[in-house]
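Just below is one structure, and these are the notes that go with it.
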Amino acid sequence: MKMKMKKIFNIIFCLVILLLSSCVMEQPDLFTGSPAERLNQALKNDKDSLQHAGNGWAMEYFATTGSAGYTLLVKFNPSGQAVIAGKSELTGNLLVTDSCLYQIIGDNGPVLTFNSYNKVLNAFSDPVNPDGYGLEGDYEFDVLKTTTNQIVVKGKKRGTVIVMNKIPATVTWKQYFDNLDAMNAFLFTGSTNSLNLVSGTDTLIATKGSTHIFRLTKPGEDPVTTGKDAPFIITESGLRLQKADTIKTNSFQNFKLSADKQILVCSDNGENIRLVGQNPALFFLSNSTFIWNFAFEKPLGSKFQLLYTKLLTNCQSILGEKFSNLYFRYNAVRNSYTLSFKSGKYTGYYDFNRINLGSNKVKFEYMGTADVNGTFYLGKIDGFNELLQYVGQPFIVSADNGLNLNTIKFTSESDSAISFYVFQ
Amino acid sequence: MKKNTLKILLILLIPQIFYSCRNEDLFTASIFNTTDTLDVKSATYQFDLWLRNSYLIPYNLDFRYKMQDVSSDMDYNLVPASYDKSQQIAKLVKYLWFDAYGAVAGPEFLKENGPKIIQLIGSPAYNPISGTILLGTAEGGIKVTLYRVNDIDPTNVPQMNEFYFKTMHHEFAHILHQKKNYPVEFNQISKGLYNPLGWQDRSDSEAASLGFVSPYAGSQIREDFVEVIANYLVKSDADWNNILLMASKPGVKNKVTLPDDGVDGKAIILQKLDMATKWLKDSWNIDIHQLRTEIMTRETHINEILN
C-alpha cells in the first residue's frame, strides 16, 4: 500500500512539475510582438496603404478564373467608406459611381472586405442571371502584396489574382476610363481579325479578342476543339492577361502597345513576345462574306477625292440624288465580287474578280458586267466609267492599325493618288 | 501524512489545471464587447451608436449588417446588404419585432430568449436546383440571418410582411420551439402530407386545402408549426381569411381545380392555430392574438419610425 501511494505521489509530482514548467518552455521570440500584435500592425499598414492613394486605385478585376477583366476605380476613405466607379456593359457603358463600406480584417492574414452593397462591385457577385450564380465574383480579398504604387489581392472564393495600381493624381477618373475606352476601341472595336502571338519562330493564333478572352490555338488547329482561353483586361498601355502563360519556355502576361501602334509587345522577363495583326491583303481576301464600305470621311488619294466629288456633284445635278455609298460585296448568285453603290434610293453594282498578287497586293478586275442600275448610271453619269478604271487595277493593301483590321487601305500600285479606305 | 500530502497536491493541481497560464476572467456578462469605443470619425458612427444602444446593450445582441462571408453559408453566392437598407431594416426589426414582443411579453422576454446575432444579407440565397430561395435561417437559437435585405421597400407593407417580418417571426418561432418543444400531438395532424422535396410545386390553394398555411408549411412538421405562427402574426384579417377560404375549397393549380383531397383544410389550419396559441400561452405566457394586434397597430406607424 505504501509503495502504491509512493508511486501515485511520484506521478503527481512529475505532473505538477510538467504543468508548472509548461509556461516557461518558450523559445525566445523571433519576431517583435505577439502574432496578434503583428497581425494588427499588418492590418493597420495595409489600411494606411489603401488610403494613401489620394486619387485611388485602378483595380483590375476578374470575377472568376475564366472571366474577362474589368477595371474598377476605388478610393478608400479613412472613414471606412470606399467609393467605386466602373464603366462597362454592366453599367450600361456609363460611368457609374457608388459608395460602400470596407474593412481590413484579420483571417489567416489581412483581408480586404467590401462589406456593404456597392452596385458597381457587386454587379459581379449578385446571384442573378442565372439565379443562384450570376458572375460569381468576389468582394473579399486576401491581401498578398502591398507596395507604394501597387497592391495585389486574391479573391477569397474564386482565387483570382487582382492587381490594384495607384492612379496618378493628375488623371481624373473620367479621363482614366476614356483612356481605357480609347485603347479598347483601337484594339478591338469592330475587329473580326485574329492576332498572331509570336515568340521567335513559334506562333499561336489569338482569336476572339473583342470578347477580352483570347482563344489561343496552334496554327491550323480548330479553336473550338483545341486551344485554351486566356482572359485579359484592357490597360492604359495595352492589355494584361489574367494569368501569365508560356509559349515554349517564354512567359507572357503584360502587353504594351508599341510606339508606332502597330503591335503589342511583352517584355515581362526580357523576352520579345509580340501580338501582331494578320496580313491585311490576306485578311481581305480570306473573308469574302464581309461587306466593305468605302470610308469617305477618311483621307482619300487626291485623284480619288476628285472622283468622289464628281460623283456627288453629278448624281445631284443630273438625277437630283445624293450619292451616298460605295461598297464591296460578294454576290453568290453572280459569283462575283461586286462594287456596289447607292444613289438616292437606288442601288446598283458592277461585277469584279479579286486576284491575289501576293506581297500585300490585290487586283480588282472588272468583268464587264453590271446589273440594270449599274448599266444605267454608267451610261448616264460622268464619273462611273472613271470609277471602274480607278478600282480595276492592282492595289497595295495596308492598315493604319495593324492590330485591328476593321479598316484597311487600298493604294494603287502605279499611282498613289488613287487610294481609299474601306471598313467592315 | 502521505494521504494528506496527496490531498494537498490534488487541491493545488486541480486549480492549476483550470488556471492554465492565464489569470484573467474568461467570461463576462456579455458575449460581445459592449465597451469598445466607437470611432467618431467612422462613416457608420451614428448607426453603430444606435445599434449599440438599441440592441447590444439592452439585448446583448450583435446586429451584423456588415457582410462577413466567413459567417455566412459559403455554399451560396451572396452579396452584402446595402448600408441604407441595413439602417431601415434595423429600425423595423426593433420596432416590429423586439418592441412588439416587449409590449406583450414584457421587456425581459427577448433579452432572455431572443437571438444573440442578427445577420443581414443583401441578396436571397438561391437554390438553383430546386428553384427556391432562402429568406431566413435560425441557427441554434442564437443567430438569425435575414436575406434579400436590398429589396426591402418600406412603402410596401404586404411585401415587407411576406419577405421580412414573416421571416423574422418564423425564425424566432424556431428559436422558441428549440427551447421548449411544441406539442407532440402537432406531429400527427398532417402526418403523411408533408413533402420535403416537392413543397414548392404546390400552389397556395393546394397547400391550404391540405391544411397548410403556405406551401413551405407543407415541407416539414417544424416548418408547418412556425409558419402557422408567422403567417397569423403578419397577415391582415383579409389575407388570413383568404387562406381559410382557400383551405375550405379544393385546391387550384394552373387554373385547374384539383380532385378533392378529402382533407378539411380550414379545420386543420384552425386546429394548428389553436395548438400554437395554447403552446405560446402555456410555454411562454404570450397571447398570440394580443401580439398580432400589437404588430398590426405598429405597422401603421412605419413611416414615423423610418423618418
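Protein sequence lines, in the order shown, are assigned to chains A and B.
1384 is the number of the first residue of the first sequence in our numbering; add one for each residue after it.
47 is the number of the first residue of the second sequence in our numbering; add one for each residue after it.
Cβ coordinates follow ideal geometry from the N, Cα and C atoms, glycine included.
A quick note: this is a predicted structure, and the numbers were derived from the prediction, not measured.
>> Between D1612/A and S1634/A, how many whole angstroms is the CB-CB distance? I'm expecting something under 8 Å.
In response: Taking the first sequence and counting its residues from 1, one reaches residue 1612/A at position 229. Taking the first sequence and counting its residues from 1, one reaches residue 1634/A at position 251. Not a contact, Cβ separation roughly 17 Å.
Margin query: Within 10 Å of its beta-carbon, does V86/B have 16 or more other beta-carbons around it, so buried, or fewer, so exposed?
Written below: For the purposes of this step, residue 86/B is taken as the residue at position 40 of the second sequence. Result: exposed.
request  = Give a yes or no on whether the C-beta atoms belonging to G1684/A and S1802/A are separated by under 9 Å.
outcome  = Your numbering for residue 1684/A matches position 301 in the first sequence. Your numbering for residue 1802/A matches position 419 in the first sequence. Yes, they are a contact pair.
- prompt: So what's F144/B in DSSP terms, helix, strand or just coil?
  reply: For the purposes of this step, residue 144/B is taken as residue 98 along the second sequence, with counting starting at 1. Three-state result, F144/B: helix.
Contact with chain B by F1778/A, beta-carbon distance below 9 Å: Position 395 of the first sequence, counting from 1, holds the residue named residue 1778/A. Not an interface residue.
| said: Taking the straight line between their C-alpha atoms, what separation do you get for D1754/A and L1761/A? | reply: For the purposes of this step, residue 1754/A is identified with residue 371 of the first sequence, where counting begins at 1. For the purposes of this step, residue 1761/A is identified with residue 378 of the first sequence, where counting begins at 1. If you draw a straight line from the Cα of D1754/A to the Cα of L1761/A, it comes to about 11 Å.
(request) Could you name the residues of the same chain whose beta carbon sits closer than 7 Å to that of I332/B, not counting the 5 residues immediately before and after it, in chain order? (result) For the purposes of this step, residue 332/B is identified with residue 286 of the second sequence, where counting begins at 1. Hits under 7 Å: V150, A151, L326.
Using a Cβ cut-off of 9 Å (strictly closer), state whether T90/B contacts chain A. Your numbering for residue 90/B matches position 44 in the second sequence. It does; some Cβ of chain A falls within 9 Å.
Q165/B (DSSP reduced to helix, strand or coil) = Position 119 of the second sequence, counted from the start, is the residue given in the question as residue 165/B. Strand, per DSSP.
**Any C-beta of chain A under 9 Å from that of Q114/B** = The sequence position of residue 114/B within the second sequence is 68, counting from 1. For Q114/B, the answer is yes, since a Cβ of chain A falls inside 9 Å of its Cβ.
Check your understanding: Apart from the five residues just before and just after V1362/A, which ones in its own chain have a Cβ nearer than 8 Å to its Cβ?
Key -> Because chain A is modelled from 1384 through 1807, residue 1362/A falls outside the range shown and cannot be assessed.
Exercise for the section: Pull up the CB-CB distance for L1694/A and G1785/A, whole angstroms please, since I reckon it's below 8 Å. Expected result: Residue 1694/A sits at position 311 when you count from the first residue of the first sequence. Residue 1785/A sits at position 402 when you count from the first residue of the first sequence. About 31 Å; that fails the 8 Å criterion.
Next on the checklist: Checking the sheet assignment: what are the DSSP bridge partners for T1325/A?
Outcome noted: As displayed, chain A neither begins before 1384 nor continues past 1807, which places residue 1325/A out of reach and without an answer.
inquiry  = Is the beta carbon of Q134/B closer than 9 Å to that of P200/B?
reply    = Counted from its first residue, the second sequence places residue 200/B at position 154. Counted from its first residue, the second sequence places residue 134/B at position 88. Their beta carbons are under 9 Å apart, which means P200/B touches Q134/B by this criterion.
Applying the criterion that 16 or more other CB atoms from any shown protein chain within 10 Å of the CB defines a buried residue, is I289/B buried or exposed? Mapped onto the second sequence, residue 289/B falls at position 243. Around the beta carbon of I289/B, 16 or more other beta carbons sit within 10 angstroms, so the residue counts as buried.
inquiry  = On a Cα-Cα basis, can you pick out the residue from G168/B, N173/B, F218/B that is closest to I198/B?
reply    = The residue given as residue 198/B occupies position 152 in the second sequence. Residue G168/B is the option with its Cα nearest to I198/B.
Q. With 16 other CB atoms within 10 Å as the buried threshold, where does R68/B fall?
A. Taking the second sequence and counting its residues from 1, one reaches residue 68/B at position 22. Here R68/B scores only 40 on pLDDT, less than 50, and its place in the model is too uncertain to base an answer on.
*Can you find at least 3 beta carbon pairs, one from the region 1437-1445 of chain A and one from the region 1536-1549 of chain A, that sit closer than 8 Å?*
In this structure the region 1437-1445 of chain A touches the region 1536-1549 of chain A; the number of beta carbon pairs closer than 8 Å is three or more.
Note to self: Taking CB distances under 9 Å as the criterion, tell me whether L1665/A reaches chain B.
What the structure shows: Walking along the first sequence from the start, residue 1665/A turns up at place 282. Not closer than 9 Å to any Cβ of chain B, the Cβ of L1665/A fails to qualify, so no.
Notebook entry, point to check: Quick one: is I103/B buried, meaning 16 or more other Cβ sit within 10 Å of its Cβ, or exposed?
Noted result: As a position in the second sequence, residue 103/B is number 57, starting the count at 1. Taking all protein chains shown into account, I103/B has fewer than 16 neighbouring C-beta atoms within 10 Å of its C-beta and is therefore exposed.
Worksheet item: Of all the residues that make up the region 188-200 of chain B, which are near chain A by a beta-carbon distance shorter than 9 Å?
Response: Listed by position along the chain: V195, N196.
Residues of chain B with a CB under 7 Å from the CB of Q1464/A: which are they?
Counting from 1 along the first sequence, the entry for residue 1464/A is found at position 81. Per Cβ cutoff of 7 Å: A89.
- Query: Over what stretch of residues does the beta strand (DSSP E) that includes F93/B continue unbroken?
  - Reply: The count along the second sequence starts at 1 and reaches residue 93/B at position 47. Element bounds for F93/B: not the beta strand (DSSP E) but the alpha helix (DSSP H), 91-97.
Exercise. When burial is assigned at 16 or more other CB atoms within 10 Å of the CB, is Y228/B buried or exposed?
Worked result: Translated into the one-based positions of the second sequence, residue 228/B becomes position 182. When all chains shown are included, Y228/B counts as buried.
**Message:** Closest to N106/B by C-alpha separation, out of D145/B, D94/B, G160/B, L352/B, would be which residue?
**Reply:** Within the second sequence, numbered from 1, the residue matching residue 106/B stands at position 60. Out of D145/B, D94/B, G160/B, L352/B, the CA that lies nearest to the CA of N106/B is found in G160/B.
Would you mind telling me which residues of chain B sit closer than 7 Å to D1509/A, beta carbon to beta carbon, in chain order? Residue numbering aside, residue 1509/A sits at position 126 when the first sequence is read from its first letter. Those are V125, S169, listed as they occur along chain B.
* **For P1493/A: DSSP bridge partner residues** => Translated into the one-based positions of the first sequence, residue 1493/A becomes position 110. Answer is G1489/A, bridged to P1493/A.
- How big is the Cα-Cα spacing for I341/B and F258/B? The residue given as residue 341/B occupies position 295 in the second sequence. The residue given as residue 258/B occupies position 212 in the second sequence. Approximately 23 Å between the Cα atoms of the pair.
Check: At least one CB of chain A closer than 9 Å to the CB of K137/B: is that the case?
Finding: Looking up residue 137/B in the second sequence gives position 91. False, the Cβ-Cβ gap to chain A never drops below 9 Å.
To which residues of the same chain is S1404/A closer than 6 Å at the C-beta, ignoring the five residues directly before and after it?
In the first sequence, the residue the question calls residue 1404/A occupies position 21. Unreliable placement is indicated for S1404/A, whose pLDDT of 48 sits below 50; no coordinate value is reported for it.
Open item on the list: Any contact between the region 1600-1608 of chain A and the region 1665-1682 of chain A? By contact I mean 3 or more CB pairs, one from each, below 8 Å.
Closed with: Segment contact: the region 1600-1608 of chain A against the region 1665-1682 of chain A, fewer than three CB-CB distances shorter than 8 Å; contact not assigned.
**Prompt:** Exposed or buried, N196/B, counting other C-beta atoms within 10 Å across all chains shown (16 or more means buried)?
**Reply:** For the purposes of this step, residue 196/B is identified with residue 150 of the second sequence, where counting begins at 1. Buried, because 16 or more other Cβ atoms sit within 10 Å of the Cβ of N196/B.
Under 8 Å: do the region 1549-1567 of chain A and the region 1649-1665 of chain A share three or more Cβ pairs, one atom per stretch? Inter-segment contact for the region 1549-1567 of chain A and the region 1649-1665 of chain A is absent: fewer than three beta-carbon pairs are separated by less than 8 Å.
Local conformation of I1646/A per DSSP, three classes: As a position in the first sequence, residue 1646/A is number 263, starting the count at 1. Three-state DSSP puts I1646/A in coil, outside helix and strand.
Listing by chain order, which chain A residues have their CB less than 8 Å from the CB of N173/B? For the purposes of this step, residue 173/B is taken as residue 127 along the second sequence, with counting starting at 1. Annotation: Cβ neighbours of N173/B in chain A (cutoff 8 Å, chain order): G1515.
Item to complete: Tell me whether the beta-carbon of N1498/A lies closer than 9 Å to the beta-carbon of K112/B.
Response: Taking the first residue of the first sequence as 1, we reach residue 1498/A at position 115. Taking the first residue of the second sequence as 1, we reach residue 112/B at position 66. Less than 9 Å separates the beta-carbon of N1498/A from that of K112/B.
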